[in-house]
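Taken in sequence, the protein lines are chains X and C. Just so you know, the first sequence maps onto residues 51 to 436 in the working numbering. Just so you know, the second sequence maps onto residues 51 to 436 in the working numbering. Glycine residues also receive a C-beta, built at the ideal position from the N, C-alpha and C atoms. All of these numbers come straight from a predicted model, not from anything done at the bench. Step one of this worksheet: look at the structure below.
There are 2 protein chains.
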Amino acid sequence: MNPYALLNVDEARRRIDSLRINLPLDTETIFTSLAVGRILAEDVESPADTPKEPLAAMDGYAVRSSDTRAGAKLRLKTRGPLHPGDAVPVDTGDPLPPGADAVVRREAARAEDGFTYVSAPVSKWENVFLPGEFVAKGYRLGSRGDVITPYTAALMLQAGIRRVSVYRIKSVVMPVGSELAHPESLVNGGRIDYIGPMVEGLLRGWSEARLLPPVSDSREELEEAVNRALDMADILVTVGGSSVGRRDSLKAVIAGIGRLVVPGFGASVVKRGGLAVVREKLVAMLPGGCVSAAVSLHETLFRALKAVTGKPLLRSLTIPLAEDLRLERRMPSAVLFRMVDGGVEPLEWGVALCRELAKADAYAILQPGVYGKGSLVNAIMLKKPA
Amino acid sequence: MNPYALLNVDEARRRIDSLRINLPLDTETIFTSLAVGRILAEDVESPADTPKEPLAAMDGYAVRSSDTRAGAKLRLKTRGPLHPGDAVPVDTGDPLPPGADAVVRREAARAEDGFTYVSAPVSKWENVFLPGEFVAKGYRLGSRGDVITPYTAALMLQAGIRRVSVYRIKSVVMPVGSELAHPESLVNGGRIDYIGPMVEGLLRGWSEARLLPPVSDSREELEEAVNRALDMADILVTVGGSSVGRRDSLKAVIAGIGRLVVPGFGASVVKRGGLAVVREKLVAMLPGGCVSAAVSLHETLFRALKAVTGKPLLRSLTIPLAEDLRLERRMPSAVLFRMVDGGVEPLEWGVALCRELAKADAYAILQPGVYGKGSLVNAIMLKKPA
Numbered sequence: 051m052n053p054y055a056l057l058n059v060d061e062a063r064r065r066i067d068s069l070r071i072n073l074p075l076d077t078e079t080i081f082t083s084l085a086v087g088r089i090l091a092e093d094v095e096s097p098a099d100t101p102k103e104p105l106a107a108m109d110g111y112a113v114r115s116s117d118t119r120a121g122a123k124l125r126l127k128t129r130g131p132l133h134p135g136d137a138v139p140v141d142t143g144d145p146l147p148p149g150a151d152a153v154v155r156r157e158a159a160r161a162e163d164g165f166t167y168v169s170a171p172v173s174k175w176e177n178v179f180l181p182g183e184f185v186a187k188g189y190r191l192g193s194r195g196d197v198i199t200p201y202t203a204a205l206m207l208q209a210g211i212r213r214v215s216v217y218r219i220k221s222v223v224m225p226v227g228s229e230l231a232h233p234e235s236l237v238n239g240g241r242i243d244y245i246g247p248m249v250e251g252l253l254r255g256w257s258e259a260r261l262l263p264p265v266s267d268s269r270e271e272l273e274e275a276v277n278r279a280l281d282m283a284d285i286l287v288t289v290g291g292s293s294v295g296r297r298d299s300l301k302a303v304i305a306g307i308g309r310l311v312v313p314g315f316g317a318s319v320v321k322r323g324g325l326a327v328v329r330e331k332l333v334a335m336l337p338g339g340c341v342s343a344a345v346s347l348h349e350t351l352f353r354a355l356k357a358v359t360g361k362p363l364l365r366s367l368t369i370p371l372a373e374d375l376r377l378e379r380r381m382p383s384a385v386l387f388r389m390v391d392g393g394v395e396p397l398e399w400g401v402a403l404c405r406e407l408a409k410a411d412a413y414a415i416l417q418p419g420v421y422g423k424g425s426l427v428n429a430i431m432l433k434k435p436a
Numbered sequence: 051m052n053p054y055a056l057l058n059v060d061e062a063r064r065r066i067d068s069l070r071i072n073l074p075l076d077t078e079t080i081f082t083s084l085a086v087g088r089i090l091a092e093d094v095e096s097p098a099d100t101p102k103e104p105l106a107a108m109d110g111y112a113v114r115s116s117d118t119r120a121g122a123k124l125r126l127k128t129r130g131p132l133h134p135g136d137a138v139p140v141d142t143g144d145p146l147p148p149g150a151d152a153v154v155r156r157e158a159a160r161a162e163d164g165f166t167y168v169s170a171p172v173s174k175w176e177n178v179f180l181p182g183e184f185v186a187k188g189y190r191l192g193s194r195g196d197v198i199t200p201y202t203a204a205l206m207l208q209a210g211i212r213r214v215s216v217y218r219i220k221s222v223v224m225p226v227g228s229e230l231a232h233p234e235s236l237v238n239g240g241r242i243d244y245i246g247p248m249v250e251g252l253l254r255g256w257s258e259a260r261l262l263p264p265v266s267d268s269r270e271e272l273e274e275a276v277n278r279a280l281d282m283a284d285i286l287v288t289v290g291g292s293s294v295g296r297r298d299s300l301k302a303v304i305a306g307i308g309r310l311v312v313p314g315f316g317a318s319v320v321k322r323g324g325l326a327v328v329r330e331k332l333v334a335m336l337p338g339g340c341v342s343a344a345v346s347l348h349e350t351l352f353r354a355l356k357a358v359t360g361k362p363l364l365r366s367l368t369i370p371l372a373e374d375l376r377l378e379r380r381m382p383s384a385v386l387f388r389m390v391d392g393g394v395e396p397l398e399w400g401v402a403l404c405r406e407l408a409k410a411d412a413y414a415i416l417q418p419g420v421y422g423k424g425s426l427v428n429a430i431m432l433k434k435p436a
């Protein structure tokens, strides 16, 4: 394939969505409480009903519901089992003592001299968490490819899953261009690589990401650098060097040692983005502008992750435009959006406008034309790790 | 104040929004590229126009626009300055050589024998990034209290900001209850603390968060534990022990050594959440259920951060309901929502339903009543760090 061919966006997405590669990722079993941000390497189901037994859902008194009526006087005991006329103080989350089938809220009873006086009757299982109410046995708590959030970690722990298997993915970010300076360089000179740290930030957590110092754009050095990077990583993300400029030989190099899945996209801003498979590993090639790089990263790597973890790292929503949008370019174009009251608002267009990207929540790749306020847009959410 | 009083939600929010405390946070200056996820301790403005000089916005040839017309033949030079009839090859991002005022795209020219033939004229500054086009001098790149994202880090680096001052915030999460087991305990027994790791996951990144093993709920031990935690942290988040149960003495303890800003909220699910200031430090008290704890964390600590970093850690959007919602409880109630095509969809209600929280994107605290599809809801986005 011509390393500079631009594929129609739908065709490019289809190719990536249907990509199959044989990349055996390492996995590790770690505490669920330490797995936030990692990608699940297994489907996880609830091993049992949770809770296993009825629990008090309120602070108050465990009772037999048939004993309660307004003014009922129940004998206070410190523990079960309950006999007719008994009540046992319980706090939220306590297992219900044997014999009890409801809880009278503390505010709906008055304790005095070893008795409690109930102000209103409760029905069977009132103020009780029933077995399986949180999750039933077999409930799917998480699926292979899911990024674990603090909330899903809590869900798995609630169901008793203390350890999970997660992927151990190694990724490197390799800026291409002799004119670039690493952002942590303490000496002056060179143009600061500001895309590399952005990409590293978007890979960190779910992968062990490492930003490399910029590499030269000479063909020989580039080929060696790519091979060395792939010796140590499952995923390589290059930044720059992928255009048609004099120094841009990256795609030719990649085409020589691997297979270009998508050499480029037929859409402004992501035109020079691309995806390749080299030695059964993923190589995402990003253009050197803020907006181009961020959108390309989503359209290439985040989409292609499906081939290795089972799920893309993308989420899209159909949202109405909060104002009119006029796209006058000849090509389809990626447009950034910010979520506002009532929908999404288009942001200013420009490949290198970090300032617009910094305000954005989502993007869409749209055909030229005029879109009125209220038109529905299929917006892909920009990953936000922090 | 009665440690179990429930404040009207608007009043509670007003108190927290207007809270003033004198908590001098540590700051540190770090590489911008390493600051993703941290909170800015300063306002950052662009020190100069970016770019500083005109740059090529395309791969091609730097030219004098007045020299170009269809078929024009220009002399190729390797560098500037340009004299009439000259052209210099440039790649995207290269500074324009002196004398040039436009770029002819590579695809719109043909190079041959030391000359380039232009297929169409370009106008002045066509295909050029002008000084200040990315950001103008003085542009506000970030504000005190902002969480730095990969995108805002790229923006600051693009403007030449290699180092930033960020807060160094120490937080501890302290589960309360002798019945609880630390989620990383390797021995059986006790109810796994599943809220602590969720909260730790939501504090990590912007603060140095540490989940402590559960502490006893006896009044004396609790008071000592709170004091020790505050010796080493700026922020203390307790989980559980804040209800009206027999073992719940936390709020009384806190009222004794500090000041309860909000002892409780007049709304289901967050009723037992609260916020206090002890020794000029923030103490957020969360109830022990998934949903209660997550919503309370947002309503207490994330809202109160404004008093220490200048900004709350909350974002809200007005979004239409994607389906009808009927709230039949007597009290206002926190409802979880998931974003779907066309708006937000209410999720199943329940204080301890981790499974619903795991699907949620946002919540709102709503008055009882019937809300038709399309009604606007002020949804507060749930923090998602991963």
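Own chain partners of residue i with C-beta closer than 7 angstroms, once the 5 adjacent residues on each side are dropped
i: residue 85 of chain C; result: 198, 203, 214 and 216
i: residue 311 of chain C; result: 65, 66, 69, 325, 326 and 327
i: residue 381 of chain C; result: 316, 317 and 318
i: residue 229 of chain C; result: 240 and 241
i: residue 397 of chain C; result: 386, 387, 388, 406, 409 and 410
i: residue 165 of chain X; result: 123, 124, 125 and 126
Sequence-distant residues of the same chain with beta carbon closer than 8 angstroms to residue i, five excluded per side
i: residue 392 of chain C; result: 370 and 372
i: residue 200 of chain X; result: 86
i: residue 177 of chain X; result: 106, 107, 108, 110, 152, 153, 154 and 155
Proximal residues to residue i (C-beta, below 6 angstroms), its chain only, five neighbours per side dropped
i: residue 118 of chain X; result: 168, 171 and 172
i: residue 98 of chain C; result: 187
i: residue 242 of chain X; result: 231 and 233
i: residue 122 of chain X; result: 168
i: residue 246 of chain C; result: 223, 225, 261 and 289
Residues that residue i bridges to, as DSSP identifies them
i: residue 123 of chain X; result: X:167
i: residue 81 of chain X; result: X:213
i: residue 395 of chain C; result: C:388
i: residue 412 of chain C; result: C:387 and C:431
i: residue 224 of chain X; result: X:288
i: residue 336 of chain C; result: C:289
i: residue 322 of chain C; result: For residue 322 of chain C, which the question treats as bridged, DSSP gives no partner whatsoever.
i: residue 110 of chain X; result: X:140 and X:155
i: residue 331 of chain X; result: X:328
Residue i and residue j closer than 9 angstroms at C-beta
i: residue 220 of chain X; j: residue 307 of chain X; result: no
i: residue 185 of chain X; j: residue 207 of chain X; result: no
i: residue 226 of chain C; j: residue 347 of chain C; result: no
i: residue 223 of chain C; j: residue 287 of chain C; result: yes
i: residue 127 of chain C; j: residue 141 of chain C; result: no
i: residue 377 of chain X; j: residue 413 of chain X; result: no
i: residue 71 of chain X; j: residue 330 of chain X; result: yes
i: residue 342 of chain X; j: residue 323 of chain X; result: yes
i: residue 415 of chain C; j: residue 320 of chain C; result: yes
i: residue 73 of chain C; j: residue 313 of chain C; result: no
i: residue 383 of chain C; j: residue 337 of chain C; result: no
i: residue 255 of chain X; j: residue 355 of chain X; result: no
Selection from the options that minimises the alpha carbon distance to residue i
i: residue 279 of chain C; options: C:292, C:412, C:293 and C:259; result: C:259
i: residue 109 of chain X; options: X:179, X:62, X:124 and X:235; result: X:179
i: residue 43 of chain C; options: C:175, C:176, C:211 and C:431; result: Outside the shown range of chain C (51 to 436) lies residue 43 of chain C, about which nothing can therefore be said.
i: residue 257 of chain C; options: C:218, C:116 and C:234; result: C:218
i: residue 174 of chain X; options: X:400, X:115 and X:414; result: X:115
i: residue 301 of chain X; options: X:402, X:268 and X:94; result: X:268
i: residue 130 of chain X; options: X:120, X:151 and X:122; result: X:151
i: residue 367 of chain X; options: X:426, X:339, X:351 and X:320; result: X:426
i: residue 364 of chain X; options: X:379, X:394, X:252 and X:416; result: X:252
i: residue 333 of chain X; options: X:304, X:124 and X:91; result: X:304
i: residue 362 of chain C; options: C:432, C:236 and C:374; result: C:432
Check: residue i C-beta below 8 angstroms from any heavy atom of the ligand NAD
i: residue 220 of chain X; result: In terms of ligand content, the structure shown is empty, and the ligand NAD therefore cannot be addressed.
Determine contact between the stretch 404-417 of chain X and the stretch 257-276 of chain C, defined as no fewer than three beta-carbon pairs at a distance below 8 angstroms.
no
For the 8 angstroms Cβ check, are there 3 or more pairs between the stretch 97-112 of chain X and the stretch 139-157 of chain X?
yes
Sufficient close CB pairs (3 or more, under 8 angstroms) joining the stretch 75-91 of chain X to the stretch 291-301 of chain X
no
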